[in-house]
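Structure record follows, encoded as structure tokens.
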Amino acid sequence: MGGHGRRKRLPFSHILSFRCKKASVKDDDDNLQIGGPGFSRAVFCNDAGCYEAGLLNYRDNYVSTTKYTLVTFLPKSLFEQFRRVANMYFLVVGCLAFTPLAPYTAVSAILPLIVVITATMAKEGVEDWKRNQQDTGVNNRKVKVHRGNGTFDLTEWKNLRVGNIVKVEKDQFFPADLLLLSSNYEDAICYVETMNLDGETNLKLKQALDATAGLHDDSSFTEFKAVVKCEDPNANLYTFVGSMDLEEQHYSLTPQQLLLRDSKLRNTNYVYGAVVFTGHDTKVMQNAMDPPSKRSKVEKKTDKIIYFLFFVLFLMAFVGSIVFGIVTKEDLENGRMKRWYLRPDATTVYFDPKRAPIAAILHFLTALMLYNYFIPISLYVSFEVAKVLQSIFINQDLHMYYEETDKPAHARTSNLNEELGQVDTILSDKTGTLTCNSMEFLKCSIAGIAYGRGVTEVEKAMARRKGSPLLNEMGDEVDHDQASTDTKPLTKGFNFKDERIMNGKWVNEPNADVIQKFLRLLAICHTAIAEEDEETGNISYEAESPDEAAFVIAARELGFEFYKRTQTSICLHELDVVSGAKVDRSYELLNVIEFNSTRKRMSVIVRNEEGKLLLLCKGADSVMLERLSKNGREFEELTRDHMNEYADAGLRTLVLAYRELSEEEYTEFKVEFTAAKNSVSADRETLIDEVAEKIENELILLGSTAVEDKLQPGVPECIDKLAQAGIKIWVLTGDKMETAINIGYACSLLRQGMKQIVIDLESQGIKALEKSEDKAAVTKASKASIIHQISAGKAQLTASSESSNSFALIIDGKSLTYALEDDVKNMFLELAVGCASVICCRSSPKQKALVTRLVKTGTGKTTLGIGDGANDVGMLQEADIGIGISGVEGMQAVMSSDIAIAQFRFLERLLLVHGHWCYRRISTMICYFFYKNVAFGITVFLFEAYTSFSGQAAYNDWYLSFYNVFFTALPALALGVLDQDVSARFCIKFPLLYQEGVQNVLFSWRRILGWMFNGLISAIIIFFFCTKALAYQAFRKGGETVGMDILGTTMYTCVVWVVNVQMAISLSYFTLIQHIVIWGSVLNWYLFSLAYGSMPPNLSTNAYRVFLEACSPAPSYWLLVLFVVIAAVIPYYSYSAITMRFFPMYHQMIQWIRQEGQSNDPEYCNMVRQRSIRPTTVGFTARAEARSRSQRK
Amino acid sequence: MPPTPKRNDDGPTDTTKRSSKKPKYSRFTQQELPACKPILTPGWVITTFIFVAIIFIPIGLASLFASQQVVEIVERYDSDCISSTFTDKEDFIKRSDTNKTCIKNLYVKSRSDKQLRSKGYEDQTATCEPEAKTNNGLIVPCGLIAWSLFNDTYGFSVKNTVLEVSKKNIAWKSDKESKFGSNVYPKNFQSSGVIGGAKLNASKPLSEQDDLIVWMRTAALPTFRKLYGLIEVDLEANETITVVIQNNYNTYSFGGKKKLVLSTTSWIGGKNDFLGIAYLTVGGLCLFLAVSFIIVYVAKPRPLGDPSFLSWNINPAGHFN
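Protein chains in written order, with the UniProt record's numbering: chain A, 1 to 1193; chain B, 1 to 321.
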């Protein structure tokens, strides 16, 4: 990057396009506040160590995004753990287990809890440690800081203090919020890229005060001292109020002097700055909300189910206690003992008939402990382990690995995996997320002839769709790979292929003169700056916007190389038509009439070497075509057609036209224009517009250009798939409305024939008010206008609710401010939800977050935010799930996201495959957990009923506590990690399958209660069949009868068998692992009973040799187990056989298709695929359909 | 087909680029493990039901047959004394306490396993209250279970000759060996205070006190039988057994019933038709289900995925829960 120094002495701020706002008079009002409340900050520049600075003790520049620190980890994570009611309950139960109330030994009760809590905490710890690693990376970045005596040393970011002077070099990030002091430019300007803050890619100009502009080298800081007084840290990126005292002089400061952390220095070799805000005080960190700890909907619902189970548990305990109380009371009537063998006359308080109510209350506690097997203690930990393993699958997925940047997907938290399967609305950033943030000159139409053979992503996608829909799905991956290599242009920003005009061949075209003018216009009519690399002679351009750069590059590639700009001229290397040689030509630059959003065009007036005056103009078709002269409309029809084609292919079009000016005309214009520019009145802009209006007329059409705001590969397909899956996609961008709309077209969110409802504040009335500077009036009028527009939109929406028209809502940032106000926002939401696509442009990071919150809370559905820049952080954190694109720029988005992926297109797989699977796995796993615990808990309860609720457990203590841990947990975990209803290929082939998650059919109350009911049935079957079969007669040849130990062991065997067999028949995906864990669990139980039974009796108590001596030699034991197991699963088996055949759910239909081998029958598949009453309204499938519909008409 | 993973690519990239973060291909991490994906096709459903039926019905018949082979006489004797005829060769005598309403937690725990096992732990009576000690010292065996030991006695005779009732092999071997110590002798048992049930021969160690051992294995349910002894003499058919019963044990206070049961056993144990009938019922049910599934499948072939059953079509608003 060397060799720029020479040229840099040119004061670029004079170039017209960069308007440089100097501190204006208005700011003085604000400065009065300095020193007052909210404006108390004092910065001692270059004197960070002085006494006063020490007193202020501002925060250092260390930034931490972790949840815990070493000290807080234990208390905080324990607190987090016990915030879960279930865990709290188990803790209370564990403590109670040490009292004589306990129906079992304390150790057996507390051990599972300890295991569970430790495992969860370990998981939390590891995750937070990883976060810490990332922070360390950022905090240890190096920057040059002034060490006194004019020497600058490298130091880590975290060591910076308020008041330090730092030197930031080209393409480095600012380590903190800096006050710009000087740069390598004379007039102390610098260019800043704020992509990370607002997503805008164009460069912003900052300028230091004149007073400090002279500090050009390191040594000038030896003596520098200044005191800055300014506002306190706040989140507003666009304001800054402060003053600087330098050498007895008082200067006021504006945002123009503030360089924000996380923005990047561009086009400037170095700047010097004083640190004003550090670490968490910086504007960008103030904007960052605390990382909220997100919990998935499934998890929240699980809590509800647990509350429900608690209710049932309390009810059972309550009923039990009442019965117990009554029975106990009856034990001693008038001194006569009823159940004398209990010695009710001499018993303890727990069984004392004289104090029956107290005994009942104490018994209630015992019962609470006894029934704790109703609540699955290992649920949360299994759940978390399953999720961690699921995230490993996400991280390891080769289909989500991006070769070019060497980035696999990265699930940063595993909490939200199943939420990925329930996304209803995606809120997407544009720049860097949907697009790769580069513009490519792709096509043009010159003199009514279309040039350019390039194919856009959208066209590709549509072509593929039309071809054979099935073929392309099989080869999806191949296509993506090809796409990424194929479309890679040779030159960045130029992807034009047409042998007719490339390499100078255009001279042979019929309209060579028009082509020449066209290309020349491209090379001249812009505001870009050329930079020549001195070593190679290559020229690169810095332009205000990437599409402008694309034009200049296109002109260069086609033979009109712009290589130098001075204050008054533009120099080109041109291809001479006659000689075919390269000649240097220079054009005298007379005026530049800038682009703005109302004019939608820009013009330059130049004098060529022949002395002719030319007005070159480019702009949007809406304003350009009406300005053509009568004889300039030769190609209008054809150009218009081409432009429609381009727009439909998702390209950004501009119309190019020119006119020759006579000297008189120009002189007249020049006088008026200069007058307008020099006027100081408020309507200066209007005056300029009016003057320009006059001269930009009678134009002659040359043609149009089509630039592709390059979408990331695979984006249209991905959006199409997501749309087919019924997911709504909103685009929230900081970009201009035009750009946003174009991208909307490009990724098929918008299409021709879609009604656009545009809400903005561009109406004349409001503009006029704005000029009058009556803020209250503007606000009032704006709000009224917004409300009016919204209700008008809604009226449109209701009016056409019968017809199949689909609507798109486009709203800009300013309007959004009003639309998001409390009294309007619900109206706005209703309108937005009714529209097929929603695009919010010019929105600030805060607005993005607010919109996200509105959707989240307003609709109650799951939202997913996806973005790549620091400006998306708020949105990512606010959304139920935040996806960060780990792209080229910055890490903020990734750091605050829940899952990071490298490309937008991976979202398809992440949601449709991983999301669906995870949702299915987790919800099925939870249902199963409840099933198995209800089945187990009810047998305990039923046994209680037979023992007059005395609190005697049917099973041995360790049987009880190991049930959840060793005999049933692993199969459930395997289900939660490995189960697949249909394979990944089918998930993508039938995107509608995703609706199972959105509609939450797999985790509806009906299903959950259904599973619990199944558990109840199993328990009843197990208990009654066991007790009836073993009843009281001898159960084996030897004549021995069944004791509590034998009945308990038999019943327990049945329970373990039944829940595992139940698992086996409800699985639809059997790998070896499943076989091992399911049958292993059963085997485990036998091994356990052998091992435990052969321990000495003081350890094994009543389980001593029960299995070996009593059960296993008895045929009736084995027969009973076989019978109970089969009988207990028959109800479920029949039920699922019937639903599978006659009322299949969507995934079951797909299973049928797979089973019957019809997956290769496209017609059949299509039928199943479209099995929804929801028409898809966005995506290219919908676009292709709409097109074919209109063609039929 | 799932897209072919780039197994071939792995080799070269690995050697050239060690630091690549590219995930390693394995069938496990890519979730492509070979798996069988059973779905409940009609064939499967019908086959399973028939299979279950085929297994269950013979087992049911066998169990029922075994149970029918058992001869069992049950006589309630706490209202009066009776005599009955009995036929067979080897008998088990059980007494049955019906409706002993509560096997309480309190009751079950009211024992000291340690004390029962060895002499050294004689003082481990904490769990035995209120039958832990008397004024004379600790009670062995302590606790309510032992204290309420069953004390009815039965004398059997056939044709005026006494029928020997063996008390050998009525207790679990493990209990005799490991749970009841051979050096632990009853002490202060039923000696003072309220007398509960039977007394023990203080000169016999606990491991020899079979009745106690049997009693100490608490039953699971309120209605239970305990093994009293074995009649190891073959009895002729139509022989009359006279039983002299000493009705000591108080069941009147809690409304319990006592019965004397004379029974033979078969391989399945005592007389209980439940298992056999249950097997037959479930086997029959499976057969029925199999047949009805066949009929339904034939009569009403699957409507090729009727979309109206999909939840989002039933419920377009999507508020399923």
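We put the beta carbon where it would ideally sit given N, CA and C, even for glycine.
Considering only the beta carbon of each residue, do residue i and residue j sit closer than 9 Å?
i	j	result
A:Leu-309	A:Phe-374	yes
B:Thr-134	B:Gly-193	yes
B:Leu-149	B:Leu-200	yes
A:Leu-265	A:Lys-170	yes
A:Gln-952	A:Met-1044	yes
B:Asn-270	A:Ala-1114	At residue 270 of chain B the sequence reads Gly, which differs from the Asn that was named. In this structure, A:Ala-1114 does not lie closer than 9 Å to B:Gly-270 by Cβ.
A:Val-93	A:Leu-368	yes
A:Ile-377	A:Ala-119	no
From which residue to which residue does the beta strand (DSSP E) around residue i run?
i	result
A:Asn-591	582-593
A:Thr-425	423-428
B:Ser-292	Premise fails: B:Ser-292 lies in the alpha helix (DSSP H), 274-299, not in any beta strand (DSSP E).
A:Gly-137	That residue, A:Gly-137, is in no beta strand (DSSP E); its alpha helix (DSSP H) goes 106-139.
Checking contacts by CB at 9 Å: is residue i closer than that to chain B?
i	result
A:Trp-1011	no
A:Ala-411	no
A:Leu-699	no
A:Ser-1188	no
A:Asp-486	Low local confidence applies: a pLDDT of 44 at A:Asp-486 is under 50, so the model's placement there is unreliable, with the coordinate-based value given in what follows. With 9 Å as the cut-off, A:Asp-486 does not count as an interface residue toward chain B.
A:Ser-1134	yes
A:Pro-408	yes
Consider the Cβ of residue i: report whether some Cβ of chain A lies at a distance smaller than 9 Å.
i	result
B:Ser-96	Summary for B:Ser-96: the model assigns pLDDT 47, below 50, so the residue's position carries little reliability; its value from the coordinates is reported in the next sentence. Output row for B:Ser-96: interface = yes.
B:Pro-222	yes
B:Pro-186	no
B:Cys-286	yes
B:Asp-78	no
B:Leu-138	no
B:Ser-63	yes
residue 344 of chain B	Only positions 1 to 321 of chain B appear in this structure, which leaves residue 344 of chain B out of reach.
B:Phe-254	yes
B:Val-194	yes
B:Gly-120	no
residue 323 of chain B	Because residue 323 of chain B is not part of the residues shown, which for chain B are 1 to 321, the question remains open.
B:Asn-135	no
B:Pro-205	no
B:Tyr-297	yes
Looking at the unbroken alpha helix (DSSP H) that takes in residue i, where does it start and where does it end?
i	result
A:Cys-1054	1044-1066
A:Cys-918	916-946
A:Arg-453	From DSSP, A:Arg-453 is part of no alpha helix (DSSP H); its letter is neither H nor E.
A:His-642	636-648
Tell me whether residue i counts as near the ligand NAD, meaning its Cβ is closer than 8 Å to at least one heavy atom of that ligand.
i	result
A:Val-778	Absence of the ligand NAD is noted for the structure shown, with no ligands found whatsoever.
Which of the residues in the segment 23-45 of chain B, read from start to end, lie with their CB under 9 Å from any CB of chain A? Pro-23, Lys-24, Tyr-25, Ser-26, Phe-28, Thr-29, Gln-30, Gln-31, Glu-32, Leu-33, Pro-34, Ala-35, Cys-36, Lys-37, Pro-38, Ile-39, Leu-40, Thr-41, Pro-42, Trp-44 and Val-45
Ordered list of beta strand (DSSP E) runs contained in the segment 349-419 of chain A, each at least 3 residues: none
Near-chain B residues of the segment 1032-1047 of chain A (beta-carbon distance less than 9 Å), N- to C-terminal order: Tyr-1032, Gln-1033, Ala-1034, Phe-1035, Arg-1036, Lys-1037, Gly-1038, Gly-1039, Glu-1040, Thr-1041, Val-1042, Gly-1043, Met-1044, Asp-1045, Ile-1046 and Leu-1047
Report the residues of the segment 215-239 of chain B with a CB closer than 8 Å to any CB of chain C, ordered along the chain. Looking for chain C here will not work: the only protein chains present are A and B.
Between the segment 144-163 of chain B and chain A, which residues of the former have CB atoms less than 9 Å from a CB of the latter, in chain order? Leu-144, Ile-145, Trp-147 and Ser-148
Minimum length 3: unbroken beta strand (DSSP E) runs contained in the segment 691-776 of chain A: 700-711, 728-732 and 755-759
Please identify, using Cβ separations under 8 Å, the residues of the segment 160-194 of chain A that lie next to chain B, in order along the chain. none
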